[in-house]
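These notes are about the structure you will find just below.
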Amino acid sequence: MQYETPTLPALIKRIEADFERNAPDALRRGDAKVTSRALGGAAYGLYGYQDWIAKQSSPATCDEAMLLRWAAWRLDGGRNLAVSAKGMATVVGGDGYLVDVGQLYRYSDGRRYVVKEAAKLVGGVATLKLEAEDTGVSGNVQGGTLEAVTPVTGVSSTATIGADGIVGGTDLESIEALRVRVQDAFKSPSKVGNGEDFVEWAKEVPGVTRAWALPRWMGPGTFGLVFVRDGDPDIIPTAEQVAEVQTHLDKKRPVTSEVYAMAAVPRAQNFNVRLKPDSTTLRADVAKSLRRLVDDEGGPGQTLLSTHIHAAISNTAGEDDHTLIAPVGDVVMGANEVAVPGVFTWD
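Here this note's numbering = 1-based position in the sequence shown + 43.
Listed below in C-alpha cells is the structure:
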C-alpha cells in the first residue's frame, strides 16, 4: 500500500493535539501554538526530503542529475553526446592544387562544414571529407552544393555533396531516452551476449534509436543486428554507420559469438482509410497514430495486427467510425525488414 505523507496542516493539528492531551492549558496560556507550527513545518520538511530520497533510488523516478549518475554507473559510456554530421563532397580544379585541412564550406542556409583531411586534386577532381561545424541533427543535409567561405587557389568555389549526403549528426540524448536505456539495462543485467545485450550495445552508438537482434542469423553462435536511426533524414543507416555499429559490437561481443550489423530493409506500409467524420485535422491525427503504431510494432519478424491498426484509428480523438480498406489483414515483416509509413489514402 502506498504511504501517504501527512499534509502540513495535519501535522500542525497532530502536534497541537499532543500538547492539549499532555498539557491541557499549554495552548491557552503559552506559546505552544507557535511551537506546534514550527515543529509541524520541520516534520513536513523531513517527510519531503525522505520522499525525494525515495525517488532518487530508482532510475524510473529520479531527477536528471541523479539519472546521469545512474547512467554513468550502469551504461558503458553513459549518456550519448551530440555528434557532428559527416560526409563527402567533390571539387574540381587544376591538377596538383590542394584543399587544406580547416577550409570552410557553407550551405545555402548558412550551415558550415570543415574539411577534415587535406585533399589533392588528381585528374582535376578531389573528394573532400567534411564535418559539420556544429554538432546535432541541424548539420544533416541530403544533397546539393556548398560554397567555399574563402577562395582556394586553383579550385572551384563550389563543392558538390556526395550521394550519401552529409549525415549522422545527432543531438544530445534526451533525458527520457536515456531513462529508457537505463531501465532496459536493469531489466537485462546478464551481459552474456543474449539478444537484449546486443540491442543495448547497439544503442550505445550515438544516433541508433531502435535495434533488433536476430539469433542464429548465419547459424549457431551467430547474431544479426538490424537497426535504424530515427533522428536522421533517412532512418536507414549508411554503410559507414553500419560499419561503426559493427566495430562497437565486435568490441563488446563474447568471443564465442559472431555478430553481423545490418541496415534494416525498409518496407513501405500504405494505408487506405475512410473516416467518419472526415476532416483534414482528423486525417492528420489518424496518420500520426498509424505512424506511431508502425514504429512500435513494425520491426523485423513482427506483425502489424489488423486489430491493432483498427484500434489505433478508433482511439484517435474525434473519430466516430471508419472503414479500413488497406491493408487487408495482418502484415508480417520479413526477418530483416522494418515497416516505414508509406502513402496515406483517404477514400
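Idealized CB from N, CA, C, for every residue including glycine. For clarity, every value in this text was computed on a predicted model and none was experimentally measured.
For this session: Could you tell me whether the Cβ atoms of Val248 and His291 are closer together than 8 Å?
Result: Against a cut-off of 8 Å, the Cβ pair of His291 and Val248 comes out as a contact.
For this session: Starting from the N-terminal side, write out each stretch of the beta strand (DSSP E) that is 3 residues or longer and does not extend beyond the stretch 124-205.
Result: Runs of the beta strand (DSSP E) spanning 3 or more residues and lying entirely within the stretch 124-205 occur at 129-135, 147-149, 155-158, 168-175 and 188-191, in chain order.
Problem set entry | Same chain, Cβ closer than 6 Å to Gly310, five either side skipped, listed in chain order | Reading off the sequence, residue 310 comes out as Arg, not Gly. Within the same chain, and ignoring the five residues on either side of Arg310 in sequence, the residues whose Cβ sits closer than 6 Å to its Cβ are Glu380 and Ala382.
Problem set entry | Alpha carbon of Asp373 to alpha carbon of Gly344, nearest angstrom | Distance from the CA atom of Asp373 to the CA atom of Gly344, rounded to whole angstroms, is 13 Å.
Exercise. So, helix, strand or coil for Ala85, using DSSP?
Worked result: For Ala85, the three-state secondary structure derived from DSSP is helix.
Problem set entry | Burial state of Gly208 (16 or more Cβ within 10 Å) | Taking all protein chains shown into account, Gly208 has 16 or more neighbouring C-beta atoms within 10 Å of its C-beta and is therefore buried.
Problem set entry | N-terminal and C-terminal residue of the alpha helix (DSSP H) that Met109 is part of | Annotation for Met109: the continuous alpha helix (DSSP H) segment containing it runs Glu107 to Arg117.
Exercise. Looking at the structure shown, is Arg253 part of a helix, part of a strand, or coil, going by DSSP?
Worked result: Under the three-state reduction of DSSP output, Arg253 falls in the strand class.
Exercise. Based on Cα-Cα distance, which residue from Gly342, Ala103, Gly250 and Thr366 lies nearest to Thr350?
Worked result: Out of Gly342, Ala103, Gly250 and Thr366, the CA that lies nearest to the CA of Thr350 is found in Thr366.
Problem set entry | Rounded straight-line distance, which links the Cα of Ala125 to that of Thr252 | Taking the CA atoms as reference points, Thr252 sits about 14 Å from Ala125.
Exercise. Can you name, in chain order, every residue of its own chain whose Cβ lies under 6 Å from the Cβ of Thr281, other than the five neighbours on each side?
Worked result: The answer, listed in chain order, is Asp207.
Exercise. What residue range is occupied by the uninterrupted beta strand (DSSP E) comprising Glu239?
Worked result: Taken as a continuous stretch (DSSP letters only), Glu239 belongs to no beta strand (DSSP E), being part of the alpha helix (DSSP H) at Gly238 to Lys246.
Exercise. For Met44, which residues of its own chain have a beta-carbon under 6 Å away from its beta-carbon, when the five flanking residues on both sides are left out?
Worked result: Note that Met44 has pLDDT 39, beneath the 50 cutoff, so the model's placement of it is unreliable and the number below is only indicative. Excluding positions up to five away in sequence, the list is empty.
For this session: Using 10 angstroms around the beta-carbon of Ser151, count the other beta-carbons present and answer buried if the total reaches 16, otherwise exposed.
Result: Exposed is the call here.
Exercise. Which residue comes first and which comes last in the beta strand (DSSP E) that contains Gln226?
Worked result: Premise fails: Gln226 lies in the alpha helix (DSSP H), Ile218 to Lys230, not in any beta strand (DSSP E).
Exercise. In whole angstroms, what is the alpha-carbon distance linking Asp321 and Phe270?
Worked result: Cα to Cα, Asp321 sits roughly 36 Å from Phe270.
Exercise. What's the call for Leu257, buried or exposed, on a 16-neighbour Cβ count within 10 Å?
Worked result: Using a 10 angstroms sphere on the CB of Leu257, the tally of other CB atoms reaches 16 or more, which defines it as buried.
Exercise. CB-CB under 6 Å to Glu160, same chain, minus the five flanking residues each way: which ones, in chain order?
Worked result: Once the five neighbours on either side are set aside, the close Cβ partners of Glu160 are Lys172.
For this session: Evaluate Phe314 with the Cβ neighbour count: other Cβ atoms within 10 Å of its Cβ, from every protein chain shown; 16 or more gives buried, anything less gives exposed.
Result: Burial call: buried.
Exercise. How long is the line joining the alpha carbons of Gly238 and Leu333, rounded to whole angstroms?
Worked result: When rounded, the distance between both Cα atoms is 27 Å.
Exercise. Whose C-alpha, out of Val386, Val210 and Leu164, is nearest the C-alpha of Glu176?
Worked result: Here the closest residue by C-alpha is Val210.
Problem set entry | Proximity below 8 Å, CB of Val391 to CB of Gly139 | Residue 391 lies beyond the stretch modelled for the chain, which goes from 44 to 390, so this question has no answer here.
Exercise. What residue range is occupied by the uninterrupted beta strand (DSSP E) comprising Thr388?
Worked result: That run of the beta strand (DSSP E) goes Glu380 to Trp389.
For this session: Write down every uninterrupted run of the alpha helix (DSSP H) in the stretch 278-331 whose length is 4 residues or greater and which is fully enclosed by it, in chain order.
Result: DSSP runs (the alpha helix (DSSP H)) wholly in the stretch 278-331: 282-295.
Exercise. Which residue from Asn358, Ala369, Gln93 and Gly385 puts its Cα closest to that of Glu47?
Worked result: Taking only the C-alpha atoms, the option nearest Glu47 is Gln93.
Problem set entry | Val135 vs Ser199 beta-carbon contact at 8 Å | Yes, the pair counts as a contact, with Cβ atoms nearer than the cut-off.
Exercise. What residue does the alpha helix (DSSP H) around Thr350 start on, and which one ends it?
Worked result: Counting along the chain, Thr350 sits inside the alpha helix (DSSP H) bounded by residues Ser349 to Ser357.
Exercise. Under 8 Å, do Leu221 and Ala60 count as touching if we go by C-beta distance?
Worked result: No, they are not a contact pair.
For this session: Could you check which residue in Gly377, Arg112, Ala162 and Asn183 has the C-alpha nearest to that of Thr346?
Result: It is Gly377.
Problem set entry | Beta-carbon separation (whole angstroms), Tyr148 vs Ala97, contact threshold 8 Å | At roughly 53 Å, the Cβ-Cβ gap does not stay under 8 Å, so Tyr148 and Ala97 are not in contact.
Exercise. Would the beta-carbon of Asp390 fall within 8 Å of that of Ile368?
Worked result: Taking 8 Å as the Cβ cut-off, Asp390 and Ile368 qualify as a contacting pair.
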